[in-house]
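What follows is a short report on a single structure.
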Amino acid sequence: MRPEQRTSFARYRHSLWLLTQRDLRVRYSTSLLGYFWSILDPLVMAGIYWFVFTQVFNRGAGHEPYIIFLLSALLPWMWFNGTISDCTRAFLREAKLIRSTRIPRTIWVNRLVLSKGIEFLASVPVLLFFAIVSGAPITAGAFLFPLAILIQTVLTAGIGLMVAPLVVFFRDLERAVKLVLRFLFYASPIIYSTTDLPSQLHFWAAFNPLSGIFSLYRAAFFPGDLDWLTVGISAGMSLAMLGLGILVFKRTERAVLKEI
1 MRPEQRTSFA RYRHSLWLLT QRDLRVRYST SLLGYFWSIL DPLVMAGIYW FVFTQVFNRG
61 AGHEPYIIFL LSALLPWMWF NGTISDCTRA FLREAKLIRS TRIPRTIWVN RLVLSKGIEF
121 LASVPVLLFF AIVSGAPITA GAFLFPLAIL IQTVLTAGIG LMVAPLVVFF RDLERAVKLV
181 LRFLFYASPI IYSTTDLPSQ LHFWAAFNPL SGIFSLYRAA FFPGDLDWLT VGISAGMSLA
241 MLGLGILVFK RTERAVLKEI
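Residue numbers are given in full-length UniProt numbering: position 197 of the sequence shown equals residue 197, and the series is strictly consecutive.
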């Protein structure tokens, strides 16, 4: 079917896939290790935190095996962190191409969500490998993985749609986003479980949308960590972020095109 015969949604989907393929090829075209770079960073981080918390401080954070506990949240965090960080340059990096094409501009954010999401999916076999080696049982909670991916996609796209256009007008926002992401890493249950927090903080931790998302991922290995109330709050906040992101994007799109 020729491009002009396709529906607008089919053309959007086709363009999104082409741009995503381009991103992945460019990212790894000059890399000797290629795919392994997408998993090397979280593995190094997981190794550092495993050593610090289990060998140095001997603290009982999270659950055993701790390496599985870490990776089951650290891998999706890398997807979220990488996408939002790249969204701060989404319009500035591709300014000429964005001005010269009539592709819906949301595609410049969604391609980042998709490409980083593909990298995340490519790292899941590593998590399964460590689960087998460490003897961690895989429970029926593994069927909740698609739900976790869906909620995280909605949340990440919503925040990306807000960040990408606003950075064009407020360049300092790029550095501010990096600081917020650094804070959010420690404010999210990645290296610890929400049950490790003081009881008075459990209520507030539920309003971090990443808490419910990570509990869905961890349900495959630690079903006791699953809290459906927290998941429901995460889903609601993710939808709200997406709605707000679409609104901000539509309100600023014309001004962004003039600015870049």
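We put the beta carbon where it would ideally sit given N, CA and C, even for glycine. Here the structure is a predicted model, which means the values were calculated and not measured.
Assigned secondary structure, residue i (DSSP; H/G/I helix, E/B strand, else coil)
i, result
"Thr139", "coil"
"Arg111", "helix"
"Leu226", "coil"
"Pro170", "The residue asked about is misnamed: residue 170 is Phe in this sequence, not Pro. Phe170: coil per DSSP, three-state reduction."
"Ile84", "helix"
"Ile103", "coil"
"Arg11", "helix"
"Arg93", "helix"
"Glu64", "coil"
"Trp17", "helix"
"Glu4", "Low per-residue confidence applies at Glu4: pLDDT is 49, beneath 50, and the placement is therefore not dependable, though the value from the model is reported in the following sentence. Helix, per DSSP."
Cβ-based burial, residue i [other Cβ within 10 Å; buried from 16]
i, result
"Trp108", "buried"
"Tyr186", "exposed"
"Asp41", "exposed"
"Glu259", "exposed"
"Ile48", "exposed"
"Leu121", "exposed"
"Gln152", "buried"
"Ala255", "exposed"
"Val113", "buried"
"Thr20", "buried"
"residue 262", "With the chain covering 1 to 260 only, the question about residue 262 has no answer from this structure."
"Thr106", "buried"
"Val231", "buried"
"Pro189", "buried"
"Glu253", "exposed"
"Leu155", "buried"
"Gly236", "exposed"
"residue 265", "The shown model of the chain, from 1 to 260, leaves out residue 265, and the question about it has no answer."
"Ile138", "exposed"
"Ile39", "buried"
"Leu75", "buried"
Proximity of residue i and residue j at Cβ, strictly below 9 Å
i, j, result
"Ala164", "Phe221", "no"
"Leu229", "Ala206", "yes"
"Ala73", "Tyr217", "yes"
"Leu226", "Ser215", "yes"
"Ser234", "Pro209", "yes"
"residue 286", "Phe130", "Residue 286 lies beyond the range of the chain shown here (1 to 260); nothing can be said about it."
"Thr88", "Val26", "no"
"residue 279", "Arg99", "No answer is possible for residue 279: it lies beyond the span of the chain, which begins at 1 and ends at 260."
"Arg23", "Ser115", "The amino acid occupying residue 23 in the given sequence is Asp; Arg does not appear at that position. Cβ distance < 9 Å, so Asp23 and Ser115 count as in contact."
"Leu16", "Arg111", "yes"
"Ala148", "Leu242", "no"
"Asn81", "Leu181", "yes"
Integer-rounded CB distance, given that residue j should sit under 8 Å from residue i
i, j, result
"Gly117", "Trp77", "Their Cβ separation, rounded to whole angstroms, is 13 Å, which puts Gly117 and Trp77 out of contact at 8 Å."
"Pro223", "Gly141", "5 Å"
"Gly245", "Leu184", "Their Cβ separation, rounded to whole angstroms, is 17 Å, which puts Gly245 and Leu184 out of contact at 8 Å."
"Met219", "Leu144", "At residue 219 the sequence reads Ala, which differs from the Met that was named. Contact holds; Cβ gap of about 5 Å."
"Ile191", "Leu70", "7 Å"
"Leu125", "Tyr12", "Just to set this straight, residue 125 is Pro in the shown sequence, not Leu. That pair is no contact at about 30 Å."
Any non-hydrogen atom of the ligand FAD within 8 Å of residue i CB
i, result
"Phe36", "As presented, the structure is devoid of all ligands, the ligand FAD included, so that no description of it is given."
### Message
List, from N- to C-terminal side, the alpha helix (DSSP H) runs of 4 residues or more that fit wholly inside the region 175-260.
### Response
202-205, 209-218, 228-259
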